[in-house]
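Undergrad:
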Amino acid sequence: MKLLPLPAFQDNYLWLLQDGQRALVVDPGDAEPVLAGLRQAAARLEAILVTHHHGDHTGGVQALRAATGAVVYGPARESIPSPFEPVAGGDTVTALGLPWQVIDVPGHTAGHVAYYSPDVDGTPLLFCGDTLFSGGCGRLFEGTPAQMLASLDRLAALPDATRVCCAHEYTLSNLRFARAVEPGNENLIHYLSHCEALRSRHQPTLPSTMGQERQINPFLRTREPEVVRAAQAFNSADPGDEAAVFAAIRLWKNEFK
Ligand code: ZN
Ligand code: FE
Numbered sequence: 008m009k010l011l012p013l014p015a016f017q018d019n020y021l022w023l024l025q026d027g028q029r030a031l032v033v034d035p036g037d038a039e040p041v042l043a044g045l046r047q048a049a050a051r052l053e054a055i056l057v058t059h060h061h062g063d064h065t066g067g068v069q070a071l072r073a074a075t076g077a078v079v080y081g082p083a084r085e086s087i088p089s090p091f092e093p094v095a096g097g098d099t100v101t102a103l104g105l106p107w108q109v110i111d112v113p114g115h116t117a118g119h120v121a122y123y124s125p126d127v128d129g130t131p132l133l134f135c136g137d138t139l140f141s142g143g144c145g146r147l148f149e150g151t152p153a154q155m156l157a158s159l160d161r162l163a164a165l166p167d168a169t170r171v172c173c174a175h176e177y178t179l180s181n182l183r184f185a186r187a188v189e190p191g192n193e194n195l196i197h198y199l200s201h202c203e204a205l206r207s208r209h210q211p212t213l214p215s216t217m218g219q220e221r222q223i224n225p226f227l228r229t230r231e232p233e234v235v236r237a238a239q240a241f242n243s244a245d246p247g248d249e250a251a252v253f254a255a256i257r258l259w260k261n262e263f264k
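Each residue of the sequence shown is one higher than the last, beginning at 8 in the numbering used here.
In structure tokens, the structure reads:
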């Protein structure tokens, strides 16, 4: 299996997974880069996995379905371009002969889902849309901090080796914020310089791994004493209230320059 982040728009990645014959794509906001990727791989598009309803994740669905006949899977609780197979947490869909477990991850949007396959050529693979980013998380457009925290906890429980395929290249700005939250986190400082080197060569910083994210992502680390103290310093968040600590870090990120 080959896994490729196809760049689109400013900073989106449309993830293409293919074995030289058949392919799946996640969140095709634009059809053109996907059609080009399929031609290059000489692969037939079998499935389109959609994580949430935003246009930069769904804009190419109709054109791709029309061009390839691929089956579209999308969150049951959101409106995405019909017809599609509605999925929800606990479901498993099959694509490329692999099982994809659907995980409910509300917060960025109310019905956002993620897709997880435990063994893709020996490693687990996660497509998490705009819920988890490397070093960060999605904005809370339709959910509460408590919902988003529970969603991220669900993802953080996946194995360390899980390859984390996020839908945007936000890593450097996320890690610069993360450094302000946890200036004492040496793994984070090290990872930031690694990612700066990748970006200076115009290479993607993704996929990340869940083990890496647990070390460096402040939104997966809201129970760490240094993160709790930073939240308290930001807006006097109650250190005993996990959702309040999470909310403080998320608010701070919104205004961080
Ligand atoms: Zn989005
Ligand atoms: Fe997005």
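Where is the CB? At the ideal position from N, CA and C, for every residue including glycine.
1) In chain order, what residues of the same chain have a beta carbon less than 7 Å from the beta carbon of proline 88, not counting five sequence neighbours either side?
2) Starting from glutamate 92 and walking both ways along the beta strand (DSSP E), at which residues does that stretch end?
3) How is the beta strand (DSSP E) around tyrosine 198 delimited, first residue to last?
4) Have a look at Glu39, Thr229, Asp248 and Leu10 and flag the residue whose alpha-carbon is nearest the alpha-carbon of phenylalanine 16.
5) Would a C-beta distance cut-off of 7 Å place isoleucine 110 and alanine 102 closer than the cut-off?
6) May I ask which residues mark the beginning and end of the beta strand (DSSP E) holding phenylalanine 16?
7) Ordered along the chain, which non-local residues of its own chain (more than five positions away) have a Cβ less than 6 Å from that of valine 6?
8) With a threshold of 6 Å (Cβ to nearest heavy atom), would histidine 61 be considered close to the ligand FE?
9) Following a CB-centred definition, is aspartate 37 positioned closer than 6 Å to any heavy atom of the ligand ZN?
10) Taking tyrosine 123 as the reference, give the member of Gly114, Leu133, His115 and Gly129 with the closest Cα.
11) Confirm the yes/no value for this check: CB of alanine 121, any heavy atom of the ligand FE, distance under 6 Å.
12) Is it right to say serine 141 is buried, meaning 16 or more other beta carbons lie within 10 angstroms of its own, or is it exposed?
13) Going by CA-CA distance only, name the one from Pro225, Arg161 and Lys9 that's closest to glutamine 47.
14) Rounding to the nearest angstrom, what Cα-Cα distance links threonine 138 and alanine 49 in this structure?
15) Let me check understanding here. Comparing Cα to Cα, which of Leu258, Gly191, Val41 and Arg51 lies closest to glycine 27?
16) Check whether the segment 192-204 and the segment 173-183 are in contact - that is, three or more C-beta pairs closer than 8 Å.
17) For the alpha helix (DSSP H) containing phenylalanine 241, name the first residue and the last one.
18) Using only the alpha-carbon positions, how far apart do threonine 58 and aspartate 167 sit?
19) Looking at the structure shown, is glycine 81 part of a helix, part of a strand, or coil, going by DSSP?
20) Could you tell me which residues DSSP pairs with valine 188 in its beta bridges?
21) Please classify serine 158 as buried or exposed, where buried requires at least 16 neighbouring CB atoms within 10 angstroms.
22) From the DSSP secondary-structure annotation, give me the bridge partner or partners of tryptophan 22.
23) The ligand FE heavy atoms versus the CB of alanine 15: any closer than 6 Å?
24) Take proline 82 as the anchor and find which of Ala74, Leu195, Gly145 and Gln108 has the nearest alpha-carbon.
25) Unbroken beta strand (DSSP E) runs of length 3 or more, entirely within the segment 128-152: which are they?
TA: Checking against the coordinates, here is how it stands:
1) So the qualifying residues of the chain are Thr65, Val68 and Gln69.
2) For glutamate 92, the uninterrupted beta strand (DSSP E) segment begins and ends at 92-94.
3) Careful: tyrosine 198 lies outside any beta strand (DSSP E), inside the alpha helix (DSSP H) at 193-207.
4) Measuring from the Cα of phenylalanine 16, the nearest candidate turns out to be Glu39.
5) Taking 7 Å as the Cβ cut-off, isoleucine 110 and alanine 102 do not qualify as a contacting pair.
6) No beta strand (DSSP E) contains phenylalanine 16, which DSSP labels as neither H nor E.
7) With the chain covering only 8 through 264, there is no way to say anything about residue 6.
8) Yes; taking the cut-off as 6 Å, the Cβ of histidine 61 has a heavy atom of the ligand FE nearer than that.
9) Incorrect: aspartate 37 has no Cβ contact closer than 6 Å to the ligand ZN.
10) Considering only alpha carbons, the answer is Leu133.
11) No, the ligand FE has no heavy atom inside 6 Å of this Cβ.
12) So serine 141 ends up on the buried side.
13) In terms of Cα proximity to glutamine 47, the closest of Pro225, Arg161 and Lys9 is Lys9.
14) Between the C-alpha atoms of threonine 138 and alanine 49 there is a straight-line separation of about 31 Å.
15) Its Cα nearest to that of glycine 27, the residue Arg51 stands out among Leu258, Gly191, Val41 and Arg51.
16) Output reads yes: the segment 173-183 touches the segment 192-204.
17) Taken as a continuous stretch (DSSP letters only), the alpha helix (DSSP H) holding phenylalanine 241 covers 232-242.
18) Inter-residue distance for threonine 58 and aspartate 167 is about 22 Å (C-alpha atoms, whole angstroms).
19) DSSP places glycine 81 in strand when its eight states are reduced to three.
20) In the DSSP assignment, no residue is bridged to valine 188.
21) Residue environment for serine 158: buried (at least 16 other C-beta atoms within 10 angstroms of its C-beta).
22) When DSSP reads this structure, tryptophan 22 sits in a beta bridge with Pro12 and Val33.
23) For the ligand FE, no non-hydrogen atom lies closer than 6 Å to the CB of alanine 15.
24) For proline 82, the closest alpha carbon among the candidates Ala74, Leu195, Gly145 and Gln108 is that of Gln108.
25) Runs found: 130-136.
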